[in-house]
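Here the structure comes first, spelled out in structure tokens, and everything after it is commentary.
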Amino acid sequence: MATQNTKTLARLMMAPSVLLLLVWMIVPLAMTLWFSFQNYNLLDPSNVSFTGLFNYQFFYTDRAFFQSIWNTLVIVGGVLLITVIGGIAIALLLDQPIFGQGIVRILIISPFFVMPPVAALIWKNMIMHPGYGVLADINKFFGFQPVDWFARYPLFSIVLIVAWQWLPFATLILLTALQSLDGEQKEAAEMDGANFFNRFIYLVLPHLARAITVVILIQTIFLLGVYAEILVTTNGGPGYASTNLAFLIYRTALLGYDVGGASAGGIIAVVLANIVAFFLMRAVGKNLDR
Amino acid sequence: MGSITLNKVSKVFGEAKVIPSIDLEINDGEFVVFVGPSGCGKSTLLRLIAGLEDVSGGKIMIDGKDVTQAAPAARGLAMVFQSYALYPHMSVRKNIAFPLKMARMEQSAIDRKVEAAAKVLNLTDYLERRPSQLSGGQRQRVAIGRAIVREPSAFLFDEPLSNLDAALRGTMRLEISDLHNQLKTTMIYVTHDQVEAMTMADKIVVLNRGNIEQVGSPLELYRSPRNLFVAGFIGSPRMNFVDGAYAQSKNAKTAGIRPEHLGLSKDNGTWRGIVKVAEHLGADTFLHLDVDGIGPITARCDGEFGAYHGDTVYMTPDESKLHRFDEKGLAIKG
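Line order of the protein sequences matches chains W and A.
If you read the first sequence in numbering that gives the first Met the number 0, its first letter stands for residue 0, the second for the next number, and so on.
If you read the second sequence in numbering that gives the first Met the number 0, its first letter stands for residue 0, the second for the next number, and so on.
So, in structure tokens, the structure goes:
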């Protein structure tokens with residue numbers, strides 16, 4: 000892939016897919032942008048008109064808007080924190096030679112294969128339900144009052160469910176990185192007098208830096224748009240306590256029938272995602288080029 | 000100080016007895032080389048001494064203290080690994096300083112020691128680089144630097160030169176020998192390369208299938224190998240072994256004669272052979288011959304001897320340098 004000839008050919012061959020992707024991205028984005036400047040409500044579809052920045056102003060003056068941005072960031076940050084720390088801990092454990100290693104690894108990975116609404120329903124009805132959830136049973140066993148998780152700690156409950164789903168992903172990536180650590184380096188550190196803690200800090204953690212970066216970047220992309228777990232469990236409530244930006248857009252579009260407003264929310268979500276991506280790349284992106 | 004004693008040390012991996020039982024005495028300041036073919040247990044033996052593997056039986060003593068159960072770091076040994084095992088995300092300075100930092104030494108003392116080690120190893124200009132920016136020889140020197148700052152009672156080298164090209168290997172061999180002369184610290188060196196063993200060692204330990212075949216200085220092993228294995232392993236090109244009538248006439252099952260102990264002539268001699276391949280090295284020529292009634296023989300002759308493929312050459316073994324072996328493959332004395 001070095002000569003002028005092959006470069007030109009490569010560009011030519013790539014052109015259709017690049018073009019298709021571009022259209023796929025540009026057209027919906029342009030349409031969303033267009034609708035965001037329209038007064039377009041499905042309850043009154045005959046009366047569509049240009050409203051300028053009214054939709055944005057509507058969002059900006061809505062208290063739910065800022066809460067939903069905050070909730071979005073809390074979900075992303077909380078889930079990342081739990082999955083990265085928990086993922087490293089579990090990966091370290093799984094890296095040890097244990098009896099039934101294969102089975103244990105499959106069990107650890109399995110939550111990732113459960114679809115988000117199903118996972119949320121399991122948590123809602125079988126684990127966190129104040130009447131017949133496992134956690135309520137445990138509380139009762141110790142003589143405590145059962146906790147109504149979704150009413151009292153709605154956002155924390157969502158974070159917990161989403162973290163449960165993403166923990167296997169983080170564990171898997173971190174485990175493969177851990178297994179690629181050179182055995183002689185570990186032995187050298189051992190001979191140099193580094194105990195387990197020092198080996199972790201000076202050898203394992205720097206080695207994992209790139210894998211952790213990959214985990215953070217990929218998860219952030221998906222966590223900015225958490226939706227199914229909220230819909231199935233709290234439905235964004237109580238009030239707006241567990242509504243993130245994606246869910247607020249859904250509320251505006253399909254509960255308020257406000258296409259224009261939802262489009263404005265979508266554009267704001269795109270901007271927010273880019274801001275997050277910018278800071279993320281500045282913070283951890285340097286780990287990727289080595 | 001750095002005398003190491005192995006007392007009936009054995010190592011078993013599952014069913015496989017890698018090392019049945021080894022007794023060995025290594026004196027302070029000696030350069031000892033463990034040599035043997037791949038899979039002979041030489042690396043395992045080194046790792047047992049380092050403490051990276053648990054022994055299955057027996058005792059390891061360092062300076063008279065029983066360290067069989069001691070942690071690797073507590074044994075006061077430093078190891079240089081085959082892959083160098085440098086920490087990739089640390090600069091050369093931090094790599095060399097790492098063992099001192101782990102020993103909680105003062106920063107000023109660490110700096111002093113690192114600078115001194117870098118000077119000895121010609122690494123002063125590279126202290127701020129990462130290992131990935133260094134050549135193979137430089138990485139090797141960093142690994143050695145990380146070992147010497149600890150001032151260990153003994154150095155352990157696990158095939159340290161096998162990843163280097165031939166020219167660099169020669170240079171590093173000299174540097175390690177030179178380092179040993181400067182530091183006068185015990186060094187244990189594992190290799191499968193008998194040239195490294197012969198050139199560097201004070202004492203060679205020849206291992207085969209987890210057993211010590213012979214221990215001695217390089218020339219002792221060369222002059223009087225104890226059995227067929229050592230005779231065949233030490234010396235390059237390897238010794239010729241002759242069975243049958245010729246050996247019986249010397250009262251032996253097998254007779255061994257080194258290629259350099261064959262007198263060559265173009266007119267007359269004890270054996271007559273035809274040159275199959277002639278390897279001209281310049282100063283020397285190795286002749287691979289087919290000898291009537293004996294089989295393939297390798298002979299070493301002067302570079303100017305002038306023998307080529309298909310020539311007929313006569314050989315006369317030097318009787319005083321002849322090695323005789325009995326049915327068990329052991330050398331017959333006298």
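Ideal Cβ positions, reconstructed from N, Cα and C, are used throughout, including at glycine.
- By alpha-carbon distance to W:Val158, the top candidate from W:Thr31, W:Thr7, W:Leu72, W:Ile137 is W:Leu72.
- By the criterion of a C-beta distance shorter than 6 Å, W:Ile89 is surrounded in its chain by Thr170, once the five residues flanking it on both sides are discounted.
- Excluding residues up to 5 positions away in sequence, Leu286, Leu288, Ala306, Tyr307, His308, Gly309, Asp310, Val312 lie with their Cβ nearer than 7 Å to the Cβ of A:Val274 in the same chain.
- Per DSSP, the beta-bridge partners of A:Pro316 are A:Leu261.
- W:Leu202 has a beta carbon lying within less than 8 Å of a beta carbon in chain A.
- Distance from the CA atom of W:Ala252 to the CA atom of W:Leu28, rounded to whole angstroms, is 16 Å.
- Assignment of beta strand (DSSP E) within the stretch 49–109 of chain W, counting only whole runs of 3 or more residues, yields no such run.
- Taken in chain order, the complete alpha helix (DSSP H) segments of 4 or more residues contained in the stretch 217–288 of chain A are 217–222, 227–232, 244–248.
- A distance of 8 Å or more separates the beta carbons of A:Arg149 and A:Leu120.
- Counting only residues of its own chain and dropping the five nearest sequence neighbours on each side, A:Ile18 has a CB closer than 7 Å to the CB of Val8, Ser9, Lys10, Gly40, Thr43, Leu44, Gly209.
- Assignment of W:Thr242 by DSSP, reduced to helix, strand and coil, places it in the coil class.
- In the same chain as A:Ala116, and ignoring 5 residues on each side of it, the C-beta atoms closer than 7 Å to its own belong to Ile95, Gly144, Ile147, Val148, in chain order.
- Considering only beta carbons, the part of the stretch 200–225 of chain W lying closer than 8 Å to chain A consists of Tyr201, Leu202, Pro205, His206, Ala208, in chain order.
- Boundaries for W:Ala276: no beta strand (DSSP E) harbours it, while the alpha helix (DSSP H) harbouring it runs 258–283, taken from the DSSP string.
- Annotation note: the stretch 75–161 of chain A contains the following uninterrupted alpha helix (DSSP H) runs of length 4 or greater, listed N- to C-terminal: 91–101, 106–119, 135–147.
- Boundaries of the beta strand (DSSP E) around A:His322: 322–324.
- Nearest Cα to A:Val214 within the set A:Ala15, A:Asp317, A:Ile21: A:Ile21.
- The count of Cβ pairs closer than 8 Å, one atom from the stretch 51–62 of chain W and one from the stretch 146–153 of chain W, stays below three, leaving the stretches out of contact.
- CA-to-CA, the gap between A:Val194 and A:Ile233 works out to about 8 Å.
- Between W:Ser48 and W:Asn38, the C-beta gap is smaller than 8 Å, which places the two residues in contact.
- Listed along the chain, the chain W residues whose CB falls inside 7 Å of the CB of A:Ser235 amount to none; the nearest CB is some 29 Å away.
- For A:Phe80, the nearest beta carbon of chain W is closer than 8 Å to its own beta carbon.
- At a cut-off of 8 Å, the C-beta of A:Met101 has a neighbouring C-beta in chain W.
- The residues Arg92, Ile95, Ala96, Val148, in chain order, have a CB closer than 7 Å to that of A:Val113 in the same chain once the five nearest residues on each side in sequence are set aside.
- Residue environment for W:Arg10: exposed (fewer than 16 other C-beta atoms within 10 angstroms of its C-beta).
- Judged by their CB atoms, W:Ala162 and W:Val214 are not nearer to each other than the 8 Å cut-off.
- At least one C-beta of chain A is nearer than 8 Å to the C-beta of W:Ala187.
- When 7 Å is used as the limit between beta carbons, W:Gly192 is near these residues of chain A: Ala72, Pro98, Met101, Ala102, in chain order.
- Look at A:Gly169 here: in three-state DSSP terms it is helix.
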